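Have a look at the structure below, then the notes.
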Amino acid sequence: MEAIKQSMLDKLSVEQIKIELMRTAFGRQSTFLSRFDPRMLLVWYSFFAVAPWFIHNKVVLLGLLVPMLVLTLSSKVSPLVLIIMGVGLVSEISYILLGSLLFGGSLEAVWPLLTLTLKILLISLASIAVFSSMDPEKLSDALLSIGMPGQFSFGVSYGYRMLPILIEEYHNLIHSFRLRGRAPAKKGFLRVNSLIYMAKIGVRAFYPLLLNTAKRTRTTVEALEVRGFTYALVSPEAKKLKLSHMQVHALDFVFLGCSLIYVIALFSLGHYLSFSFN
Amino acid sequence: MSAGSKEANEQRPEGLTPIIAMQDVQFQYPGAEGTALRNINLIIQPGEFIAIAGTNGSGKSTLCKCLNGLIPNYYVGDLSGSVQVAGLTAAEETVSSLSRKVAYVFQDFENQLVRPTVYDEACFAPLNYGYADYRERGQRALAMLGIDHLKEQWIWQLSGGQKHLTALAGALSLDPDIIIVDEPVAQLDPYHAKLIYEKLKLLNEQFGKTIIVIEHHTEFIADYCHKVILMDSGTIRWVKPVQAALSAVDELAALHILPPQVTLAVRDAETAAGQVHLRDRLFPITIEDAAAYFSEAKILSQTNNALVINEPIRKSVRESVPASNPLVTFTNVSYGYKTITRERYPVIQDMSIRFYEGDRIALVGNNGAGKSTLLKLISGIRRPSAGQLDVCGYLTKQASPEQLADFVAYVYQNPEEMFIEDSVRKDVEYFLKSRNSPDYSSFVDEILHRMRLTDLQDRDGRLLSGGQQRRATLAIGLAMRPTVMLLDEPTASLDASSRREMTDMLAQLDGQVKTTVIATHDMQLVAEWANRVIVMHNGAVALDTDQRSLFSHVAVLEKTGLLAPQITQLSQRLGIDPPSLSVAEFIASVVGDPSSPHYVNRSKESAAIGSH
Chain W
6 MEAIKQSMLD KLSVEQIKIE LMRTAFGRQS TFLSRFDPRM LLVWYSFFAV APWFIHNKVV
66 LLGLLVPMLV LTLSSKVSPL VLIIMGVGLV SEISYILLGS LLFGGSLEAV WPLLTLTLKI
126 LLISLASIAV FSSMDPEKLS DALLSIGMPG QFSFGVSYGY RMLPILIEEY HNLIHSFRLR
186 GRAPAKKGFL RVNSLIYMAK IGVRAFYPLL LNTAKRTRTT VEALEVRGFT YALVSPEAKK
246 LKLSHMQVHA LDFVFLGCSL IYVIALFSLG HYLSFSFN
Chain G
390 MSAGSKEANE QRPEGLTPII AMQDVQFQYP GAEGTALRNI NLIIQPGEFI AIAGTNGSGK
450 STLCKCLNGL IPNYYVGDLS GSVQVAGLTA AEETVSSLSR KVAYVFQDFE NQLVRPTVYD
510 EACFAPLNYG YADYRERGQR ALAMLGIDHL KEQWIWQLSG GQKHLTALAG ALSLDPDIII
570 VDEPVAQLDP YHAKLIYEKL KLLNEQFGKT IIVIEHHTEF IADYCHKVIL MDSGTIRWVK
630 PVQAALSAVD ELAALHILPP QVTLAVRDAE TAAGQVHLRD RLFPITIEDA AAYFSEAKIL
690 SQTNNALVIN EPIRKSVRES VPASNPLVTF TNVSYGYKTI TRERYPVIQD MSIRFYEGDR
750 IALVGNNGAG KSTLLKLISG IRRPSAGQLD VCGYLTKQAS PEQLADFVAY VYQNPEEMFI
810 EDSVRKDVEY FLKSRNSPDY SSFVDEILHR MRLTDLQDRD GRLLSGGQQR RATLAIGLAM
870 RPTVMLLDEP TASLDASSRR EMTDMLAQLD GQVKTTVIAT HDMQLVAEWA NRVIVMHNGA
930 VALDTDQRSL FSHVAVLEKT GLLAPQITQL SQRLGIDPPS LSVAEFIASV VGDPSSPHYV
990 NRSKESAAIG SH
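If you read the sequences in order, they're chains W and G. Each residue of the first sequence is one higher than the one before, starting from 6 at the first, in this note's numbering. Each residue of the second sequence is one higher than the one before, starting from 390 at the first, in this note's numbering.
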């Protein structure tokens, strides 16, 4: 039992979370979705992130869930991300259930709310599948090519570069607090005191992190200036050159086409099935 | 041959026109009281390798920023006079046109890397400037520096030296005529610093680039640079050929620039022998020249030729069994971390070692040898994956870092990660306050006074200078009244005077703490401060000895990429046994003057260690 507890704690450590985050961002795996042009993926995603809100037919929603699950699994998503999503869903369903029972409702009330949960699940899975298959560099180029400002698309890829450094520094700052602080002597019920202590440190460590980052930025801004970043912002040739590597292939259209056919098929089936249900 | 060298060769015949010409340049930062630069007149020929030396705030960086157009285009201040760079008149150009001719590697080069991978970084500037061959340019820059194999690496995975080379590659890809590198040695260990200089030398000699380094490590200046520009409060005091520049020993010392140890040695030896120096006397500045000089025995002939210190060679510290119990005991400790492929990467491997009261331990070894990890294990923020680590009676596996903090203070390599409050005083108090120590305030006053921080106590630690930051972190550590003090690279990136000050403060620690462990690359600190040296290599102890015998283990030094201090190398070349660890010691052994105050000091010190 103690060993299991220890191994669970290990899994939940900051170190572990750090690794999983890094894996998600820098894993560089080739997946099914990563083969396609990032702009095509954005088009694909913008449909599946919005459409579920307007679909009320449960058959269609369930039908959409199948390819989403397959795509998510094919994207080799970090278990951490899935666990967080799972925890969110389970807690949502249970509080709905609890609420409905408390206020004299019955399981009846849960049914329509479950539809909402299903929609959220669909959208989450689509996001996870697309964004974990598309590294931020591709995303940044895609955003630039669809007309986002250069500063914005650069911000995405710069965040990507800075993420590990910020995580590392944050971790060190937390250690700074711990190496000079004092943990509560009594751990309290369900370690509540320790949790509060750690949570406090977790928040306070952000302040030095922000200040240190602000200080570092001076060199970064000068370096960007020297290395032609502002020059490129106003130069159409530089933008063209930067985006010249992106090409839409036949395969991209095949993928979009298949998705479209599947959705149409699903709607007709849903239409037919809901009629026969009634 | 790449295109870069061809172009350079074509430029050579035109070498008569200077590549940089500054005339009566004066600059004032907006809102600043005084001028940052005054009366700057400077001519630099193509293909020169130049060092700019001077104290902090003497205008070195400001001068260089005039060359790539950051001044006056980015820092809009009052600039007068004329600046010509690589055939361009700076006043008529923009940052982007000038920086294609002038590459700049910043002192905090890590912050100039803005792309995720090495290759992206190398291509970034040519891509921004719209060069269609940006890929080839990036590739070529990487090849010139011999780092093509790092191409696909993520920036965050690189070591400090690799990051510096990447920053250099990012600048090189524009094929500039001039390369400015701001304090390359400050943030790097000696091995990588040498590597960077070798690359700069290559760029200078093979590709004809003009190199300007801002540098105060005179041993590097002596080995690589042709000329030295000495700056002092916004003006150029002089420009001299390197040997003449470094022979101006007293003038440099007055500006807190430490001349090479071998130069000092020759000067002091001659002074000790009663010679009077002419003003323009040139001293040897490299080990080779100094060795040749001493071999000719100009000095030695006047004294006894026996190069022996009248002192028995001390036993290794480890051979004498200490009476006290160990404070820190590693028993078969291993530690590894998980990489993003979820594999375990071993850092410390099956290590068993003990630290005792009175130990002043220098932990040395190349990057990645596990030095910092060892300190983190002792502090409790890392826990051994196998084996037992006992610190002051606690097993670190079962104790929290907060519990261990009652005995152990750990001073980080990066001071900024230790400033968790908004003033130095609050940071120093933090530990005592969290433990509700009674009357801590007078104790804090005392520590601040001792670390000369009283006037700075209300400032934010982040805004202090490098030397002040180190003092502040040391004060934070001292306020914890630790039994074991752990310091990670306390002298890194400090200028000569701050370094000296830090070494003095470390020497004072003895009365405050029972044992001190310092992870360091600074071999002069090792030679002058430590009484026990642990050499780490690949996560294991390669050697555990005292500082004097360390430098006679040539094979171990070579394997672990360590370089003995210049003076030690010189004395070894001259066959002095045991080798000298400081200039004073060296003088005492060649001139044989036991009345020298340094000599007396050292004898006392070694007597104290001997009785340990």
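Ideal Cβ placement from N, Cα and C applies to all residues, glycine included. Computed from a predicted model, the values in this text were never measured in an experiment.
**Prompt:** Can you give, in chain order, each stretch of the alpha helix (DSSP H) that sits fully within the segment 69-125 of chain W and has at least 4 residues?
**Reply:** Runs of the alpha helix (DSSP H) inside the segment 69-125 of chain W: 84-107.
**Item:** Selected residue, minimal CA-CA separation from G725 (chain G), among G:A775, G:A896 and G:I742
**Value:** Ranking the options by Cα distance to G725 (chain G), first place goes to G:A775.
**Request:** Please go through the same chain and pick out, in chain order, the residues whose beta-carbon is closer than 6 Å to the beta-carbon of D748 (chain G), but skip the five residues on each side of it.
**Result:** Counting only Cβ-Cβ distances below 6 Å, and skipping sequence neighbours, we find T904 and R921.
**Asked** What residue ranges within the segment 425-482 of chain G form continuous beta strand (DSSP E) runs of no fewer than 3 residues, ordered along the chain?
**Response** 426-433, 438-443 and 467-474, all fully within the segment 425-482 of chain G.
**Message:** Excluding the 5 residues flanking N990 (chain G) on each side, which residues of the same chain have their C-beta closer than 7 Å to its C-beta?
**Reply:** Bear in mind that a pLDDT of 37 at N990 (chain G), under 50, signals an unreliable position, so the number given afterwards is only what the model happens to contain. Cβ neighbours of N990 (chain G) beyond the five flanking positions: none.
**Message:** Taking the straight line between their C-alpha atoms, what separation do you get for E541 (chain G) and S162 (chain W)?
**Reply:** Going from the Cα of E541 (chain G) to the Cα of S162 (chain W) covers about 16 Å.
**Prompt:** Checking contacts by CB at 8 Å: is R824 (chain G) closer than that to chain W?
**Reply:** Answer yes: the Cβ-Cβ gap between R824 (chain G) and chain W drops below 8 Å somewhere.
**Message:** Check this for me: beta carbons of A380 (chain G) and M869 (chain G), under 8 Å apart or not?
**Reply:** This structure cannot speak to residue 380 (chain G), because chain G is shown only from 390 to 1001.
**Request:** Please work out which residues of its chain come closer than 6 Å, Cβ to Cβ, to M876 (chain G), disregarding the five sequence neighbours upstream and downstream, and give them in chain order.
**Result:** One detail in the question is off: residue 876 (chain G) reads as Leu in this sequence, not Met. Once the five neighbours on either side are set aside, the close Cβ partners of L876 (chain G) are V800 and I907.
**Prompt:** Going along chain W in order, which residues have a C-beta closer than 7 Å to the C-beta of S768 (chain G)?
**Reply:** S768 (chain G) reaches chain W at L184, counting residues in chain order whose Cβ is nearer than 7 Å.
**Prompt:** Which same chain residues, not among the five before or five after T235 (chain W), have their C-beta less than 8 Å away from its C-beta?
**Reply:** Around T235 (chain W): L229.
**Asked** Does the beta-carbon distance from A751 (chain G) to V574 (chain G) come in below 8 Å?
**Response** No.
**Message:** So, under 8 Å CB-CB, D571 (chain G) and V491 (chain G) are touching, yes? Tell me the CB distance rounded to an integer number of Å.
**Reply:** Rounded to whole angstroms, the Cβ separation of D571 (chain G) and V491 (chain G) is 13 Å, and the two are not in contact under 8 Å.
**Asked** For L876 (chain G), which residues does DSSP report across the bridge?
**Response** DSSP, once it has assigned bridges, lists G:V800 and G:I907 as partnering L876 (chain G).
**Message:** Just to make sure I have the definition right: I need the residues of chain W whose C-beta is within less than 8 Å of the C-beta of M807 (chain G). Which are they?
**Reply:** What M807 (chain G) touches in chain W: S181.
**Prompt:** Should A204 (chain W) be labelled buried (16 or more other beta-carbon atoms within 10 Å of its own) or exposed?
**Reply:** Classification of A204 (chain W): exposed, given that the 10 Å Cβ count is below 16.
**Request:** Scan the segment 623-699 of chain G and note each continuous beta strand (DSSP E) run of 3 residues or more that stays entirely inside, going in chain order.
**Result:** Counting only unbroken stretches of 3 or more residues, the beta strand (DSSP E) elements lying wholly within the segment 623-699 of chain G are 624-630, in sequence order.
**Request:** Could you name the residues of chain G that R187 (chain W) contacts, counting a contact when the two beta carbons are closer than 7 Å?
**Result:** Ordered by position in chain G, the residues that pass the 7 Å Cβ test against R187 (chain W) are E791, S823 and R824.
**Identified DSSP bridge partners for W543 (chain G)** = Under the DSSP definition of a beta bridge, W543 (chain G) partners with G:T506.
**Item:** Through-space distance from V665 (chain G) to I179 (chain W), alpha-carbon basis
**Value:** Taking the straight line from one Cα to the other gives about 59 Å.
**Asked** S823 (chain G) lies in the alpha helix (DSSP H); which residues open and close that run?
**Response** For S823 (chain G), the enclosing alpha helix (DSSP H) has its first and last residue at V813 to S823.
**Message:** For a cutoff of 8 Å on Cβ pairs, would you count S761 (chain G) as touching chain W?
**Reply:** False, the Cβ-Cβ gap to chain W never drops below 8 Å.
**Asked** Which of the three DSSP states, helix, strand or coil, is assigned to K143 (chain W)?
**Response** In the structure shown, K143 (chain W) sits in a helix (DSSP, three-state: H, G or I).
**Asked** Who does Y783 (chain G) pair with in a DSSP beta bridge?
**Response** DSSP lists G:V780 as partners of Y783 (chain G).
**Request:** Have a look at G:Q955, G:E974 and G:V972 and flag the residue whose alpha-carbon is nearest the alpha-carbon of I676 (chain G).
**Result:** Ranking G:Q955, G:E974 and G:V972 by Cα distance to I676 (chain G) puts G:Q955 first.
**Prompt:** If we count Cβ pairs, one from each stretch, closer than 8 Å, do we get three or more for the segment 269-279 of chain W versus the segment 59-70 of chain W?
**Reply:** The count of Cβ pairs closer than 8 Å, one atom from the segment 269-279 of chain W and one from the segment 59-70 of chain W, reaches three, so the stretches are in contact.
**Ranges of the alpha helix (DSSP H) found wholly within the segment 224-257 of chain W, counting only runs of at least 4** = Listed in chain order, they are 234-238 and 241-248.
**Asked** Should D847 (chain G) and S812 (chain G) be called a contact, given that it needs their Cβ atoms to be closer than 8 Å?
**Response** Yes, the pair counts as a contact, with Cβ atoms nearer than the cut-off.
**CA nearest to the CA of S741 (chain G), picked from G:T718, G:A896, G:I408 and G:N755** = Its Cα nearest to that of S741 (chain G), the residue G:T718 stands out among G:T718, G:A896, G:I408 and G:N755.
**Request:** Just the C-alpha distance for A679 (chain G) and K765 (chain G), rounded to the nearest angstrom, thanks.
**Result:** Approximately 42 Å between the Cα atoms of the pair.
**Asked** Is the Cβ of R166 (chain W) closer than 8 Å to any Cβ of chain G?
**Response** Taking Cβ atoms only, chain G reaches closer than 8 Å to R166 (chain W), which makes this a yes.
**Message:** If I measure Cβ to Cβ from T555 (chain G) and keep anything under 8 Å in the same chain, skipping five residues before and after, which residues do I get?
**Reply:** Closer than 8 Å at Cβ, skipping near neighbours: L502, V507, E510, A511, I536, L539, I544 and L547.
**Item:** I201 (chain W) at chain G interface by Cβ criterion, 8 Å
**Value:** Using a CB distance cut-off of 8 Å, I201 (chain W) does not count as an interface residue toward chain G.
**Message:** For L970 (chain G) and E917 (chain G), which I take to be in contact (beta-carbon distance under 8 Å), what is that distance rounded to the nearest angstrom?
**Reply:** That belief holds up - the Cβ atoms of L970 (chain G) and E917 (chain G) are roughly 7 Å apart, short of 8 Å.
**Asked** If T444 (chain G) sits next to H645 (chain G), beta carbons under 8 Å apart, how far is it from one beta carbon to the other, in whole angstroms?
**Response** Right, their Cβ atoms sit about 5 Å apart.
**Asked** With 16 as the cutoff for other CB atoms within 10 Å, does H61 (chain W) come out buried or exposed?
**Response** It is exposed - the Cβ of H61 (chain W) has fewer than 16 other Cβ atoms within 10 Å.
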